Every structure is written in C-alpha cells, then in structure tokens.
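*Asks:* Taken in order, the sequence shown gives residues 18 to 369; the numbers are from the working numbering. We put the beta carbon where it would ideally sit given N, CA and C, even for glycine. Just so you know, these numbers come straight off a predicted model, no measurement behind them. Below is a structure I'd like to ask you about.
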Amino acid sequence: MFAAERRQLILEMVRANGAVSLRELARVVQTSEVTVRRDVRALEAEGLLDRRHGGAVLPGGFTRESGFPQKSHLASAEKTAIADIAAGLVGEGEAVVVGAGTTTQELARRLARVPGLTVVTNSLLVAQALAHANRVEVVMTGGTLRGSNYALVGSGAEQSLQGLRVSRAFLSGSGLTAERGLSTSNMLSASVDRALVQAAAEVVVLADHTKLGRDTMFQTVPADVMTRLVTDKPPPQHDRAGTELQALADQGVQITVAGTAQAGGAEGAAQAHGGGGGGSGPGGRGGEPARGGEKGRREMPMPGQRRNHPQGGGGSGPPGASSGPPQLRSAPSLPDQAQGGGRVADLAPRRR
Numbered sequence: 018m019f020a021a022e023r024r025q026l027i028l029e030m031v032r033a034n035g036a037v038s039l040r041e042l043a044r045v046v047q048t049s050e051v052t053v054r055r056d057v058r059a060l061e062a063e064g065l066l067d068r069r070h071g072g073a074v075l076p077g078g079f080t081r082e083s084g085f086p087q088k089s090h091l092a093s094a095e096k097t098a099i100a101d102i103a104a105g106l107v108g109e110g111e112a113v114v115v116g117a118g119t120t121t122q123e124l125a126r127r128l129a130r131v132p133g134l135t136v137v138t139n140s141l142l143v144a145q146a147l148a149h150a151n152r153v154e155v156v157m158t159g160g161t162l163r164g165s166n167y168a169l170v171g172s173g174a175e176q177s178l179q180g181l182r183v184s185r186a187f188l189s190g191s192g193l194t195a196e197r198g199l200s201t202s203n204m205l206s207a208s209v210d211r212a213l214v215q216a217a218a219e220v221v222v223l224a225d226h227t228k229l230g231r232d233t234m235f236q237t238v239p240a241d242v243m244t245r246l247v248t249d250k251p252p253p254q255h256d257r258a259g260t261e262l263q264a265l266a267d268q269g270v271q272i273t274v275a276g277t278a279q280a281g282g283a284e285g286a287a288q289a290h291g292g293g294g295g296g297s298g299p300g301g302r303g304g305e306p307a308r309g310g311e312k313g314r315r316e317m318p319m320p321g322q323r324r325n326h327p328q329g330g331g332g333s334g335p336p337g338a339s340s341g342p343p344q345l346r347s348a349p350s351l352p353d354q355a356q357g358g359g360r361v362a363d364l365a366p367r368r369r
C-alpha cells in the first residue's frame with residue numbers, strides 16, 4: 018500500500034472513531050507501528066489529526082484546544098497569504114473588530130500600515146502587533162485573561178462590546194463547516210466572538226484549509242451570518258475541504274481563495290478566470306487599469322440578499338454566461354500589499 022493510500026485510510030479511521038490506537042491502525046493498514054507513527058506525524062503536520070500517547074485523535078476533538086505555540090507553527094504560509102488578502106479589505110479611516118487567533122495576529126501586523134484605522138479587539142497579540150503603529154487606534158475590551166490564546170473573555174469583555182458598531186469583524190476559530198459555520202473549542206471564547214459579530218455590519222472569517230470540514234463544540238458564526246470567507250487552496254487529497262467550500266458558496270458566502278508561493282492559486286477547487294481590474298471593494302482601487310493578464314474578468318452574482326452583504330465587489334459579468342461546473346470569479350482589486358500572495362479568486366455558487 019502506498020503512503021498516500023495508507024494515510025488516507027488512517028485519516029478515515031480517526032474521523033470515523035474519534036480516536037484510534039497505533040496498534041489498531043497498524044493492524045488495519047497492515048504495516049508496523051513505526052510506519053504508522055510516521056504517517057500520523059505527517060498527518061498532524063497538515064493539521065488533519067492530533068497525536069496522543071499510543072494513538073491519534075481528531076484535531077481538537079470537541080473539547081480540546083491547542084495552545085498558541087502549537088497553533089502558531091501550523092499552516093504558517095497559508096495564514097500569511099490569508100492575512101495579506103484580508104488586509105486589502107480594510108480602507109483608510111475604518112473601524113473594525115479583530116478577534117483572537119494566530120491568523121488574526123498576522124492580519125493585525127498588516128493593518129498597522131492602514132492610516133486612521135480603529136481596531137477593537139479582545140486579543141493581547143493583536144493589540145501588541147498594533148501597539149507601535151502610527152495613526153492606528155487600538156481599543157481593548159475588558160475581561161479575564163485566557164492564557165492559552167492571550168485573549169480577554171468573560172462578561173467584562175462582552176459588556177464592553179455592547180452598543181458598539183463597526184464596519185466589519187475579522188474572526189478565526191477552530192473549525193468551519195457549511196452546516197454549523199465557524200466554531201471553537203472553548204465556551205468563553207465563543208461567547209465573546211458572538212458579541213464581536215453583533216457589533217459588525219459585515220463578518221469576515223479567516224480560516225486556512227486545516228479548519229475546513231472540522232467541527233468543534235461551540236458555534237460562533239453561523240454560515241448564514243458570514244459575509245466572506247478568506248481561505249487557502251486545500252491540498253488535492255483534502256476532498257472534504259473542497260466540498261465544504263462549495264457548500265458555503267451555495268449558501269451565499271463570498272469565498273476568496275488566497276494562493277501561497279507553493280500553492281500558486283486556486284486550482285483544485287475549480288479553474289480560475291483571468292481577472293480584470295474594473296471591480297472595486299473595500300480598500301480596493303476601482304477604475305484602476307488592469308494588471309498584466311487580468312483581462313476579461315467577470316463577476317457572478319450571489320443568490321438572494323444576505324443580511325451582511327458586502328459592499329463593493331466589482332463589475333458584473335457578461336450576459337448569457339454559460340451554466341456548468343462550479344467556477345471561480347476574481348476578487349475585488351486589492352492594495353499593493355495584498356497582491357503578492359498568489360492569485361486571488363472568489364468561489365461562485367453553483368448555477369442551478
């Protein structure tokens with residue numbers, strides 16, 4: 018049995034049972050425990066499962082949350098690409114809320130370059146990233162410090178958000194599915210995240226592919242409340258991630274896929290159209306001449322009117338666009354710092 022087939026079988030067993038011993042895995046895939054242990058390490062590095070003494074479990078399960086040191090090293094290139102794109106959605110002089118997490122910390126480092134910005138956050142890491150930014154005001158919630166992710170939680174944090182209204186919220190979490198939306202493993206963190214959502218006109222979720230198809234205990238952002246998801250290209254073998262992306266798009270979530278230097282774009286979820294420069298969005302450059310190779314971009318409308326429909330979003334596509342398999346559409350033009358992470362595309366809903 019090839020390594021890829023063996024690891025896929027191991028992953029399916031862990032997903033089906035929640036936790037499986039190395040001995041049982043070795044018996045089923047008919048190999049040694051040493052080989053299985055090596056496979057489990059490889060799958061853990063991709064964020065698809067967690068190792069335990071003598072076995073493997075679902076990543077985070079429904080109760081456990083990894084600490085900051087473990088999270089900070091997982092999918093770091095993908096988080097960087099996601100943060101580059103998300104920063105391009107924020108314009109000068111805006112007020113936004115940014116939740117806790119390693120991906121939002123990367124976003125905060127880029128928001129330090131946006132003049133006149135006001136950032137409300139419950140994250141010490143986000144505040145630290147913005148502490149020395151010129152012309153960026155940081156407003157922190159109250160609350161009790163939760164050391165595992167350096168976030169302020171509890172009633173003090175939630176009460177400080179009452180009556181607040183900002184243009185958009187940027188949130189991350191432990192898992193994301195089309196059925197339940199964004200979720201996390203901690204009840205106190207989930208409660209504060211829900212308060213952050215209530216304060217925003219639009220909700221932008223930042224989640225790398227390791228979180229797609231993963232469901233954790235406490236729901237924070239239902240799929241019908243999400244305005245946009247910024248994610249990265251799932252690996253070819255990560256079928257469930259692609260399925261979740263399409264299901265979210267079918268529900269009207271605008272999905273932006275950020276390419277990394279390794280991934281190089283959004284192939285694998287679908288084929289990308291060449292982008293054009295005519296669209297504009299928050300922080301975008303409407304009317305700017307198209308960059309090289311960006312002619313003929315078309316936008317496909319999302320079905321129905323959403324409560325948190327994003328502002329802007331580019332020009333409309335030509336009439337008579339043919340129906341067919343799921344297609345990608347180009348994202349709004351972004352500032353220069355958001356252009357370096359690879360191609361950007363929006364996953365459109367299926368045409369019915």
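Excluding the 5 residues preceding and the 5 following R68 in the sequence, name in chain order all residues of the same chain whose CB lies nearer than 6 Å to its CB.
*Replies:* For the purposes of this step, residue 68 is taken as residue 51 along the sequence shown, with counting starting at 1. Counting only Cβ-Cβ distances below 6 Å, and skipping sequence neighbours, we find V57 and E61.
*Asks:* Quick check: the region 144–155 against the region 216–230, are at least 3 beta-carbon pairs closer than 8 Å?
*Replies:* Because the criterion of three Cβ pairs below 8 Å is not met, the region 216–230 and the region 144–155 do not touch.
*Asks:* To test your reading of the DSSP string, which unbroken alpha helix (DSSP H) runs of 4 or more residues are found completely within the region 171–235?
*Replies:* 172–177 and 204–215
*Asks:* If I follow the unbroken beta strand (DSSP E) through A73, where does it start and stop?
*Replies:* For the purposes of this step, residue 73 is identified with residue 56 of the sequence shown, where counting begins at 1. Unbroken beta strand (DSSP E) run through A73: G72 to V74.
*Asks:* Within its chain, find whatever has a CB closer than 8 Å to the CB of Q176; leave out the 5 residues flanking it on each side and keep chain order.
*Replies:* Working through the sequence shown from its first residue, we reach residue 176 at position 159. Correct list, in chain order: G159.
*Asks:* Can you give me the start and stop residues for the beta strand (DSSP E) that E154 sits inside?
*Replies:* As a working mapping, residue 154 is identified with position 137 in the sequence shown. Looking at the DSSP string, the run of the beta strand (DSSP E) that includes E154 is V153 to M157.
*Asks:* Would you mind sorting T161 into buried or exposed? The rule is 16 or more other CB atoms within 10 Å of its CB.
*Replies:* Within the sequence shown, residue 161 is the residue found at index 144, counting from 1. So T161 ends up on the exposed side.
*Asks:* Rounded to a whole number of angstroms, what is the C-alpha to C-alpha distance between G192 and E109?
*Replies:* The count along the sequence shown starts at 1 and reaches residue 192 at position 175. The count along the sequence shown starts at 1 and reaches residue 109 at position 92. Distance between the alpha carbons of G192 and E109 is about 31 Å.
*Asks:* Across which residues does DSSP place S38 in a beta bridge pair?
*Replies:* Numbered from 1 along the sequence shown, position 21 holds the residue referred to as residue 38. DSSP, once it has assigned bridges, lists G72 as partnering S38.
*Asks:* Can you list, in chain order, the residues of its chain whose CB lies under 8 Å from that of Y167, leaving out five sequence neighbours each side?
*Replies:* Position 150 of the sequence shown, counted from the first residue, corresponds to residue 167. F85, A117, S140, L141 and L142, listed in sequence order.
*Asks:* Distance check for E41 and G296, CA to CA, integer angstroms please.
*Replies:* In the sequence shown, counting from the first residue as 1, residue 296 sits at position 279. In the sequence shown, counting from the first residue as 1, residue 41 sits at position 24. At G296 the pLDDT is 36, less than 50, meaning the model places this residue with poor confidence and gives no usable figure here.
*Asks:* Quick one: does R44 have its CB under 9 Å from some CB of chain C?
*Replies:* This model lacks chain C altogether; it includes just one protein chain.
*Asks:* Whose C-beta lies closer than 7 Å to the C-beta of L28 among residues of the same chain, with five residues either side of it excluded?
*Replies:* For the purposes of this step, residue 28 is taken as residue 11 along the sequence shown, with counting starting at 1. Within the same chain, L28 has close Cβ partners L60, L65 and L66.
*Asks:* Measure how close the beta-carbons of R197 and G230 come, nearest whole angstrom, since I'm counting them as under 8 Å.
*Replies:* Your numbering for residue 197 matches position 180 in the sequence shown. Your numbering for residue 230 matches position 213 in the sequence shown. Incorrect: roughly 11 Å between the Cβ atoms, too far for contact.
*Asks:* Quick one, are the C-beta atoms of G259 and D241 less than 9 Å apart?
*Replies:* As a position in the sequence shown, residue 259 is number 242, starting the count at 1. As a position in the sequence shown, residue 241 is number 224, starting the count at 1. Taking 9 Å as the Cβ cut-off, G259 and D241 do not qualify as a contacting pair.
*Asks:* What are the complete beta strand (DSSP E) segments, minimum 3 residues, inside the region 102–143?
*Replies:* Listed in chain order, they are 112–115 and 134–138.
*Asks:* Measure the C-alpha to C-alpha separation of I99 and L106 and round it to an integer number of angstroms.
*Replies:* For this step, residue 99 is matched to residue 82 along the sequence shown. For this step, residue 106 is matched to residue 89 along the sequence shown. Near 11 Å, if we compare the C-alpha coordinates of L106 and I99.
*Asks:* For a test of the three-state rule: what should DSSP assign to L265, helix, strand or coil?
*Replies:* Here residue 265 refers to the residue found at position 248 of the sequence shown. In this structure, L265 counts as helix in the three-state DSSP scheme.
*Asks:* Around the C-beta of E22, are 16 or more other C-beta atoms found within 10 angstroms, so that it is buried, or is it exposed?
*Replies:* For the purposes of this step, residue 22 is taken as residue 5 along the sequence shown, with counting starting at 1. The residue in question, E22, is exposed, as its Cβ has fewer than 16 Cβ neighbours within 10 Å.
*Asks:* Do S184 and A112 count as a contact pair if the criterion is CB distance below 9 Å?
*Replies:* To locate residue 112, count along the sequence shown from 1; it is residue 95. To locate residue 184, count along the sequence shown from 1; it is residue 167. The answer is yes: Cβ separation under 9 Å.
*Asks:* Throw me the rounded Cβ distance for the V114 and L213 pair, which I believe falls under 8 Å.
*Replies:* Numbered from its first residue, the sequence shown carries residue 114 at position 97. Numbered from its first residue, the sequence shown carries residue 213 at position 196. About 5 Å; that satisfies the 8 Å criterion.
*Asks:* Short of 6 Å in beta carbon distance, which residues of its chain neighbour A126, apart from the five on each side in sequence? Order them along the chain.
*Replies:* The residue given as residue 126 occupies position 109 in the sequence shown. Looking at the sequence provided, one finds Arg at residue 126 rather than Ala. Contacts found: A146.
*Asks:* Which residue's Cα is closest to the Cα of V274: K250, A148 and T48?
*Replies:* By one-based count along the sequence shown, residue 274 stands at place 257. The candidate whose alpha carbon is nearest that of V274 is K250.
*Asks:* Are the beta-carbon atoms of H226 and P252 separated by less than 9 Å?
*Replies:* As a working note, residue 226 is residue 209 in the sequence shown. As a working note, residue 252 is residue 235 in the sequence shown. Yes.
*Asks:* Short of 8 Å in beta carbon distance, which residues of its chain neighbour L39, apart from the five on each side in sequence? Order them along the chain.
*Replies:* Reading the sequence shown from its first residue, position 22 is the one you call residue 39. E50, V53, R54, V57, G71, G72 and A73.
*Asks:* Looking at D210 and T233, is the spacing between their C-beta atoms short of 9 Å?
*Replies:* Here the question's residue 233 lines up with position 216 in the sequence shown. Here the question's residue 210 lines up with position 193 in the sequence shown. Cβ atoms of T233 and D210: not closer than 9 Å.
*Asks:* CB F187 to CB T121, shorter than 9 Å?
*Replies:* Working through the sequence shown from its first residue, we reach residue 187 at position 170. Working through the sequence shown from its first residue, we reach residue 121 at position 104. In this structure, T121 lies closer than 9 Å to F187 by Cβ.
*Asks:* Would a C-beta distance cut-off of 9 Å place A216 and L178 closer than the cut-off?
*Replies:* Against the sequence shown, residue 216 aligns to sequence position 199. Against the sequence shown, residue 178 aligns to sequence position 161. Against a cut-off of 9 Å, the Cβ pair of L178 and A216 comes out as a contact.
*Asks:* What's the C-alpha gap between R182 and M30?
*Replies:* Numbered from 1 along the sequence shown, position 165 holds the residue referred to as residue 182. Numbered from 1 along the sequence shown, position 13 holds the residue referred to as residue 30. So the alpha carbons of these two residues sit roughly 45 Å apart.
*Asks:* Reducing DSSP to helix, strand and coil, say where L66 ends up.
*Replies:* As a working mapping, residue 66 is identified with position 49 in the sequence shown. The answer is coil: DSSP assigns L66 none of H, G, I, E or B.
*Asks:* Quick check on this structure: which residue in V137, V131 and M204 has the alpha carbon closest to the alpha carbon of R163?
*Replies:* Your numbering for residue 163 matches position 146 in the sequence shown. Closest option to R163, Cα to Cα, is M204.
*Asks:* Rounding to the nearest angstrom, what Cα-Cα distance links K228 and A43 in this structure?
*Replies:* Reading the sequence shown from its first residue, position 211 is the one you call residue 228. Reading the sequence shown from its first residue, position 26 is the one you call residue 43. Those two C-alpha atoms are separated by around 26 Å.
*Asks:* For my contact list, M157 and A144 are in at a C-beta cut-off of 8 Å; report their separation, rounded to the angstrom.
*Replies:* Taking the sequence shown and counting its residues from 1, one reaches residue 157 at position 140. Taking the sequence shown and counting its residues from 1, one reaches residue 144 at position 127. That belief holds up - the Cβ atoms of M157 and A144 are roughly 6 Å apart, short of 8 Å.
*Asks:* Would you tell me roughly how many angstroms separate the C-alpha atoms of V131 and V46, rounded to the nearest one?
*Replies:* Position 114 of the sequence shown, counting from 1, holds the residue named residue 131. Position 29 of the sequence shown, counting from 1, holds the residue named residue 46. Roughly 52 Å between the two C-alpha positions.
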